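The listed protein sequences correspond, in order, to chains A and B.
For the first sequence, my numbering assigns the number 202 to the initial residue and increments by one for each residue that follows.
For the second sequence, my numbering assigns the number 202 to the initial residue and increments by one for each residue that follows.
Scroll down for the structure; my scribbles are underneath it.
Number of protein chains: 2
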Amino acid sequence: MPATIRDVAKASGVHVSTVSRAFSAPQLVNAETRAHVLAAAEELGYRPNRAARALITGRTHNIGLIVADIANPFFPPLIKAAESHARGRDYHVFVADTNEDAGVEEELVLALAKQVDGVLLCSPRMSNTQIEQLSREVPLVVVNRPVPGLPAVVMDVAQGARLAVEHLVSLGHREIALLGGPRGSWTNREIRRAATLAARTAGAELVVLGPNAPTEESGSAQAEAVLRAGVSAVLAYNDLMAVGLIDALDHRGVKVPDQISVVGIDDTALSRRTRPMLTTVATPTAAAGRAAVDMLLQHGDDRRTTALVTLQTELVIRDSSGPGPHRTAGPGRRQQPPVDGVASESRE
Amino acid sequence: MPATIRDVAKASGVHVSTVSRAFSAPQLVNAETRAHVLAAAEELGYRPNRAARALITGRTHNIGLIVADIANPFFPPLIKAAESHARGRDYHVFVADTNEDAGVEEELVLALAKQVDGVLLCSPRMSNTQIEQLSREVPLVVVNRPVPGLPAVVMDVAQGARLAVEHLVSLGHREIALLGGPRGSWTNREIRRAATLAARTAGAELVVLGPNAPTEESGSAQAEAVLRAGVSAVLAYNDLMAVGLIDALDHRGVKVPDQISVVGIDDTALSRRTRPMLTTVATPTAAAGRAAVDMLLQHGDDRRTTALVTLQTELVIRDSSGPGPHRTAGPGRRQQPPVDGVASESRE
DNA sequence: AGTTCTGCTGCAAACGTTTGTAGTCGCATG
DNA sequence: CATGCGACTACAAACGTTTGCAGCAGAACT
């Protein structure tokens with residue numbers, strides 16, 4: 202029923218190939234002819250069928266974007282940035298949600314494979330080998346995890362975690378809990394590694410609680426464990442968990458930051474919503490979305506360019522972190538992270 | 202480079218049509234042959250090319266989902282529900298974000314038109330005529346707005362607004378502000394209509410502030426106007442604005458609900474995050490997502506079934522609404538909405 | 001034995017585009 | 001005047017599927 206290129210050809214008295222070129226290679230066709238064609242097309246309400254075009258060119262001008270949980274406030278800014286960046290390059294973004302499930306993740310990549318030119322895989326829960334395998338089906342750019350041989354964009358959460366721990370130590374905290382994230386998350390491993398190292402270096406003790414689902418409920422659920430651990434400060438895997446923890450502590454009458462300091466990671470919109478406002482590590486999510494789109498698109502033209510982009514993070518000090526029981530130095534508020542912070546070696 | 206149906210045919214010694222049937226019409230092919238074919242396909246890592254299939258069948262097994270703002274916590278539950286519901290029926294959902302822009306909205310529908318079997322248009326900002334026009338390009342189901350002649354699923358926000366106003370009146374409030382939403386929003390008009398009527402019926406005064414962007418910032422920005430209006434209670438277009446308003450009032454030292462009561466709409470996750478926790482109108486977003494998918498899918502088989510699905514809303518009383526200056530009756534907390542509440546006539 | 005039926009498979013056309021090749025025309029060049 | 005060229009356009013073959021139709025066995029009727 203909808204008009205095809207053939208109808209337009211008939212209506213304007215030229216061959217279909219001329220119509221095709223009138224759209225996709227204007228310089229190859231006489232301006233006058235082209236005007237005719239375009240007018241006829243407009244008249245008929247013709248829209249090129251992208252499926253047919255994709256069939257022959259092999260490019261769909263779509264890119265897939267897979268996230269673990271669209272309801273996690275970490276993702277929307279990344280999605281929006283990727284979308285508008287892609288739209289500027291005449292690409293459309295199809296978002297899909299895996300529910301934090303590695304199985305669904307694989308299924309989605311496979312399903313998307315033939316209808317997009319590439320997939321942005323955000324915070325994958327699959328194994329590296331699984332991911333490598335999938336990359337043979339469709340060009341992949343991984344976000345929030347380096348995968349050997351694949352283009353990836355990661356945030357330097359190791360630096361963020363280190364800054365957070367140093368911040369807490371400088372406030373006098375000597376016993377710190379790390380509220381771990383989901384298993385399978387590279388970010389989680391990075392944070393644990395860096396936080397452990399930073400704590401040891403500073404002479405503080407770090408107790409790791411987890412792995413946990415990266416949700417508010419899960420943060421609340423760990424409140425007991427945190428109290429039992431007898432720490433004076435907590436670094437959480439993300440803002441969501443930090444918020445859940447603060448809530449649960451509040452319910453138990455434990456004051457933040459007076460009795461326990463809490464630091465989050467991500468600097469989502471939520472972090473300004475808590476009472477007290479959350480000290481957290483800001484991750485450049487929008488920049489990550491744009492960078493991932495760029496890598497995917499140039500990955501088509503050029504082969505294997507920069508394989509790994511690392512974006513810097515930053516500590517944002519608000520009100521949920523305060524002096525610890527052992528007052529030592531305490532340079533206090535408004536600390537800026539060192540600009541020349543060492544980028545983490547991003548292996549695995 | 203990737204294996205095609207022809208490679209599989211060659212490898213298993215049958216004709217391509219047999220391979221095709223082995224996948225899409227198993228009962229038409231001998232079980233033994235089929236096993237052979239499937240084995241060969243597996244061996245070659247064959248994946249059917251959906252673009253090619255779509256070209257001939259006319260069905261892509263994809264559905265588009267367009268939302269105004271993916272960062273608005275109202276949408277993720279709807280998106281997730283639609284996604285998992287669709288996945289159960291072997292459909293994939295492509296989500297796109299319009300940034301609350303009617304122009305982008307139209308562009309996206311057009312772009313999606315040829316690569317999906319239908320589009321779910323959530324909270325459209327376009328005009329009805331624009332929408333009707335687009336519905337000739339691609340099957341449409343509209344969410345959060347009835348459009349004559351098109352299938353739609355709406356929430357009975359009118360009832361919700363009425364319940365909210367009655368709740369406030371019963372607490373003794375006589376002067377109530379309505380913090381309006383974005384222009385072009387049907388929901389906004391419904392709320393205003395119902396709230397105005399309910400206030401008049403109950404002998405209260407309703408002052409309308411707006412239209413406003415449906416954001417937290419916008420809610421905060423209206424704090425001055427609310428105070429100037431001299432009201433004792435506010436009904437906001439959505440939770441986001443209610444939250445922003447509460448924040449701004451808090452900053453000015455105005456106590457909620459002691460000095461001003463605030464009621465939101467949507468019952469997003471945010472509403473449990475505020476201090477005090479937000480009284481709000483719960484909208485069944487997940488159910489709406491599922492219903493919309495159902496309508497779109499059956500719209501294909503059967504022609505024009507139920508054109509309009511209306512989902513009930515419910516008042517959730519928490520802590521941001523309290524006694525007003527004129528104490529009258531005050532049945533108070535834990536009020537349940539009447540089950541047999543009259544559904545609003547949902548025109549335009 | 002002839003006929004119809006059933007179960008399976010092959011053939012080939014179609015879906016709506018793109019694109020390499022070849023053709024036409026007029027015009028300038030040698 | 002033949003040749004070459006440039007600008008344009010037509011032709012036709014692809015891309016990877018699906019599907020109506022026809023063919024062909026063998027089984028089951030009459």
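We put the CB at the ideal spot given by N, CA and C, even for glycine.
Predicted model, so just to flag it, every value in this text is computed and none were measured.
Going straight from the alpha carbon of A/I461 to that of B/G525, what length do you get? About 38 Å.
What does B/N250 reach in chain A if we use C-beta pairs closer than 8 Å? In chain order: L256, K315.
Can you list, in chain order, the residues of the segment 275 to 298 of chain A whose Cβ is nearer than 9 Å to any Cβ on chain B? Near chain B, meaning a CB-to-CB distance below 9 Å, the residues of the segment 275 to 298 of chain A are F276, P277, P278, I280, K281, E284, S285, R288, H293, V294, F295, V296, A297, D298.
Which residues in the same chain have their Cβ closer than 7 Å to the Cβ of B/N263, if we skip the five residues on either side of it in sequence? If we look at B/N263 and ignore the five residues flanking it on each side, its Cβ neighbours are Y292, H293, F295, Q316, V317, D318.
Identity of the residues DSSP links to A/I267 by a beta bridge: Paired residues: A/A297, A/L322.
Can you check DSSP and say which residues form a bridge with B/E515? DSSP lists B/A483 as partners of B/E515.
By the three-class DSSP mapping on this structure, what secondary structure does A/D208 have? The DSSP-derived three-state label of A/D208 is helix.
Taking only three categories from DSSP, how would you classify A/G304? The three-state secondary structure of A/G304, taken from DSSP, is helix.
Using the C-alpha atoms, what's the distance from B/D448 back to B/K456? Rounded to whole angstroms, B/K456 to B/D448 spans 10 Å at the Cα level.
Flag this pair as yes or no: are the beta carbons of B/M442 and B/L516 separated by less than 8 Å? Result no, Cβ atoms of B/M442 and B/L516 do not sit closer than 8 Å.
What's the call for B/G458, buried or exposed, on a 16-neighbour Cβ count within 10 Å? It is worth fixing the name first, because residue 458 of chain B is Pro in this sequence and not Gly. Under this definition B/P458 is a buried residue.
Say whether the segment 407 to 419 of chain B touches the segment 349 to 360 of chain B, bearing in mind that this needs 3 or more beta-carbon pairs closer than 8 Å, one atom from each stretch. No contact exists between the segment 407 to 419 of chain B and the segment 349 to 360 of chain B.
Any beta-carbon of chain B closer than 8 Å to the one on A/I271? Chain B, which has a Cβ nearer than 8 Å to the Cβ of A/I271, makes this yes.
Between A/S594 and A/I206, what straight-line distance do the alpha-carbon atoms span, to the nearest angstrom? There is no way to answer for residue 594 of chain A, as the model of chain A reaches only from 202 to 549.
Helix, strand or coil at B/A434 according to DSSP, with G and I counted as helix: If DSSP states are grouped into helix, strand and coil, B/A434 belongs with the strands.
Sorted by chain position, which residues of the same chain lie with C-beta nearer than 7 Å to A/A365's C-beta, five sequence neighbours on each side aside? So the qualifying residues of the chain are L436, V464, V482, L516.
Does B/R144 have its Cβ less than 8 Å from a Cβ in chain A? Because chain B spans 202 through 549 in this model, residue 144 of chain B falls outside it and cannot be assessed.
Compare the C-beta of A/A362 with all C-beta atoms of chain B and state if any pair is closer than 8 Å. Chain B, which has no Cβ nearer than 8 Å to the Cβ of A/A362, makes this no.
At least 3 beta-carbon pairs within less than 8 Å: the segment 297 to 309 of chain A vs the segment 274 to 285 of chain B: With the cut-off at 8 Å, the segment 297 to 309 of chain A and the segment 274 to 285 of chain B touch.
Going by DSSP in three states, A/S522 sits in which element: helix, strand or coil? Coil.
Are there 16 or more other CB atoms within 10 angstroms of the CB of B/Q499, so buried, or fewer, so exposed? By the neighbour-count rule (16 or more Cβ atoms within 10 Å), B/Q499 is not buried but exposed.
Alpha carbon of A/A424 to alpha carbon of A/V432, nearest angstrom: The straight-line gap from Cα to Cα measures roughly 11 Å.
Under 7 Å from the C-beta of A/A253: neighbouring residues of chain B: The answer, in chain order, is L256.
Is there a C-beta anywhere in chain B that falls below 8 Å from the one on A/D335? In the sequence under discussion, the amino acid at residue 335 of chain A is Leu, which differs from the Asp named in the question. Closer than 8 Å: no.
For A/V310, does the three-state DSSP call read helix, strand or coil? Three-state DSSP puts A/V310 in a helix.
At 9 Å on the CB atoms, spell out the chain B contacts of A/L311, in chain order. Here the neighbours are R248.
Please report the straight-line C-alpha distance between A/T388 and A/Y438, rounded to a whole angstrom. Cα to Cα, A/T388 sits roughly 9 Å from A/Y438.
Quick test of your reading: A/V320 and A/G265, contact by CB under 8 Å. State the CB separation rounded to the nearest angstrom. At roughly 4 Å, the Cβ-Cβ gap stays under 8 Å, so A/V320 and A/G265 are in contact.
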